[in-house]
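Quick note: the sequence shown, position 165, residue 165 per the UniProt record's numbering, numbers continuous. In what follows, a single structure is set out as structure tokens and then discussed.
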Amino acid sequence: MVIVMSFLSDRFLTLPNMLNIFRQVSIMGIMAVGMTMVILAQGIDLSVGSILALSGAVTAGMMAGDTSMVLSVLIGLAVGTGLGLFNGLMISKAKLPDFIVTLAMMSIARGLVLVYTGGRPISGFDPAFRTIGGGRVGMVPIPVIIFAVILVIGYLVLNKTTFGRYIYAVGGNQQAARLAGINTDSIKIKVYAISGFLSAVSGVILTSRLNSAQPTAGVAYELDVIAMVVLGGTSLVGGKGTIGGTLIGALIIGVLNNSLNLLGVASFYQEVAKGLVILVAVLLDSLQHRD
């Protein structure tokens, strides 16, 4: 895609545009790290977009009520982590299907956003807060730096810790993992809590970048996030995938969106193209699993 686009547009293969692509994918890419862990553990999380919106709204609301920036951000992160933890508890302890639990949470969290904001944006923040989403270190946007740090942490967790090995074990064969003495319920709870936390991180960054908390923030983000993970080679049946693959998946989505914009393709056709890419990715994953 990069090679083809470098011939089709002289604006594509430039440092500002490359940084722009990374900045555009950073928010959903952060959520994709959490989604990778969830899918590796044979789960799915459809609530990430709504959790992003609620966490961002709570952070904004706290600051609008004269709460300090640091405390407001911590409260927003706690909200996201708490909702993810609730998802994990319902799935592991109540034995409810992950699809249904997270679908319900998607609706609950979105409704809470509308109740909390009254359906209106919350705006007007301290300049220090706006730096989180709009600042730069040299030429590199701060959201890209945060994304890079979370990628490294995610890689280390999955490849260098016992917890990471347990995630793969649970996703590969949950019954065998349980018989081997792994607390599968605990692993499930933790990965959903991580997913909620990273969704909240993205919510804080997006609120800072827009300088407002939008009630409609994060709508349909879960589709792009899942697409990034699957395009990166993580199997939807669990137990197989890498953080490096998720980064590649995120960049595929980012390059696709950026390329279509540079070529002047209408947004309606962009959605069709993105849907086809997702469909092909899932089809390839299904064929590999059959083999």
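Quick reminder that beta carbons are idealized off the backbone N, C-alpha and C, glycines included.
DSSP, reduced to helix, strand and coil, places Ser9 outside both helices and strands of the structure shown, so it counts as coil. Assigned with DSSP and collapsed to three states, Ile189 falls in helix. By the neighbour-count definition (other C-beta atoms within 10 Å, threshold 16), Gly29 is a buried residue. Between Gly56 and Gly76, the C-beta spacing is below 8 Å. In the three-state DSSP reduction, Pro141 falls in the strand class (E or B). Shown here for Arg130: same chain residues with a beta carbon closer than 6 Å to its own, the five before and five after excluded, namely Ser208 and Asn211 in chain order.
Under the DSSP definition of a beta bridge, Ala213 partners with Ile122.
Going by beta carbons, Ala273 and Leu256 fall inside the 8 Å limit.
Where Met63 is concerned, the enclosing alpha helix (DSSP H) starts and stops at Val48 to Ala64. The straight-line gap separating the alpha-carbon atoms of Ser286 and Ser235 is approximately 8 Å. For the 8 Å CB-CB criterion, Ala32 and Thr242 do not form a contact.
Rounded to whole angstroms, the gap between the alpha carbons of Val280 and Gln288 is 12 Å. For the pair of segments examined, the segment 136–150 was found to touch the segment 9–23: the number of CB pairs separated by less than 8 Å reaches three. Taking C-beta separations shorter than 6 Å and ignoring five residues to either side along the sequence, the partners of Asn87 in its chain run Val101, Thr102, Met105 and Tyr192, following chain order. The C-beta separation of Ser9 from Leu262 comes to about 5 Å, placing the pair in contact by the 8 Å criterion. Between the alpha carbons of Pro97 and Ile91 lies a gap of roughly 6 Å. Judged by pairs of C-beta atoms under 8 Å, the segment 64–82 does not touch the segment 178–190, as fewer than three such pairs exist.
Excluding the 5 residues flanking it on each side, Ile252 has same chain C-beta neighbours closer than 6 Å at Leu231, in chain order. The beta carbon of Val170 is closer than 6 Å to those of Ala41, Ala177, Thr184 and Ile187 in its chain, skipping five residues each way along the sequence. Under the DSSP definition of a beta bridge, Arg136 partners with Pro141.
Annotated as distal: Gly61 and Ile108, with beta-carbon spacing of 8 Å or more. Counting every other CB atom within 10 Å of its CB across the protein chains shown gives Glu271 a total below 16, marking it as exposed.
Counting C-beta atoms within 10 angstroms of its own C-beta, Gly119 has fewer than 16 neighbours from the protein chains shown and is therefore classed as exposed.
For Val265 and Tyr221, the gap between their C-alpha atoms comes out near 21 Å. For Gly154, the closest of Asn17, Gly275 and Gly34 by C-alpha to C-alpha distance is Gly34.
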